[in-house]
Amino acid sequence: MRNSIFVVFFISISLWELPVFLQTVPEKSKVSFTIKNFGVNTNGTFKAPEAKVIFDPAALAKSSIDASIDVASVNTGVEGRDNHLRKQEYFYVEKYPKMTFQSTQIRAGEKSGSYIAHGRLTIRGITKEIDLPFSATTVADGMRFETQFQLDRRQFKVGGNSLVMSDNVNVSIILVTRVLSK
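Going by my numbering, the residue at position 151 of the sequence shown is 152; the numbering climbs one at a time, nothing skipped.
Written out as structure tokens, the structure reads:
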């Protein structure tokens, strides 16, 4: 019994001593957004991102995030609106089927367990350098990453100028991962 406890403890500690390769657990991960339209919050989701994550909180220079979202999976609960969002005026899914984020640097945030991923976000073929603040916590066999941030949709030419639709979109991502290898 004592040896079993030691082994579990040793595995738990050693798990994070080397960069850990993590794989998305889609059924536990989520991408959601909120935008004001006609003064009312409109909520939507995308399917969980496909992500390759290498994470070592003790050596952040070795860490990276490479994620993509299937834009055609947009779901606001209104089929007509979803189809409209897939068209050229908004996401132009036919030409730009994926949104991507590739980190170029990950650094510690101000609070314990908080980090900032600096990298390139590409939507509709337009790439912008952004900082994504995120938290990272350990879960049973991997990690859970969470971020909330705001984007100006016009910077990515998603929709045109509008008197009734906000320029700012609030985005929330929960990415649950499992250890693939070390």
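Ideal Cβ placement from N, Cα and C applies to all residues, glycine included.
request  = With a threshold of 6 angstroms, establish whether the CB of PHE92 neighbours any heavy atom of the ligand GTP.
outcome  = What this structure holds is no ligand at all, so the ligand GTP is not there to describe.
query = PHE157 by DSSP, collapsed to three states: which one?
reply = Taking the sequence shown and counting its residues from 1, one reaches residue 157 at position 156. PHE157 falls in the helix class under three-state DSSP.
inquiry  = Residues in the same chain with beta-carbon distance under 7 angstroms from ALA73, minus the five sequence neighbours each way, listed in chain order, please.
reply    = The residue labelled residue 73 in the question sits at position 72 within the sequence shown. Taken in chain order, the residues that qualify are ARG87, VAL94 and PRO98.
request  = Consult DSSP for LYS63 and reduce its assignment to one of helix, strand or coil.
outcome  = By 1-based counting over the sequence shown, the position of residue 63 is 62. Shown here, LYS63 sits in a helix according to DSSP, grouped into three states.
ask   = Is DSSP giving PRO134 helix, strand or coil here?
value = The sequence position of residue 134 within the sequence shown is 133, counting from 1. Assigned with DSSP and collapsed to three states, PRO134 falls in strand.
message = Please identify the residue among TYR91, ARG108 and GLN106 whose C-alpha is closest to the C-alpha of MET100.
response = By 1-based counting over the sequence shown, the position of residue 100 is 99. When only C-alpha atoms are compared, the closest one is TYR91.
task = For ALA49, collect the residues of the same chain with a Cβ closer than 7 angstroms to its Cβ; drop the 5 residues on either side in sequence, then sort them by chain order.
result = Looking up residue 49 in the sequence shown gives position 48. If we look at ALA49 and ignore the five residues flanking it on each side, its Cβ neighbours are THR25, PRO27, SER30, LYS31 and VAL32.
request  = Spell out a yes or no on whether the segment 107–122 and the segment 134–144 are touching, meaning 3 or more CB-CB pairs, one atom from each, closer than 8 angstroms.
outcome  = By the C-beta criterion, the segment 107–122 is judged to be in contact with the segment 134–144, since at least 3 inter-stretch pairs fall below 8 angstroms.
key: Segments assigned alpha helix (DSSP H), at least 4 residues, entirely inside the segment 64–139   = Listed in chain order, they are 80–87.
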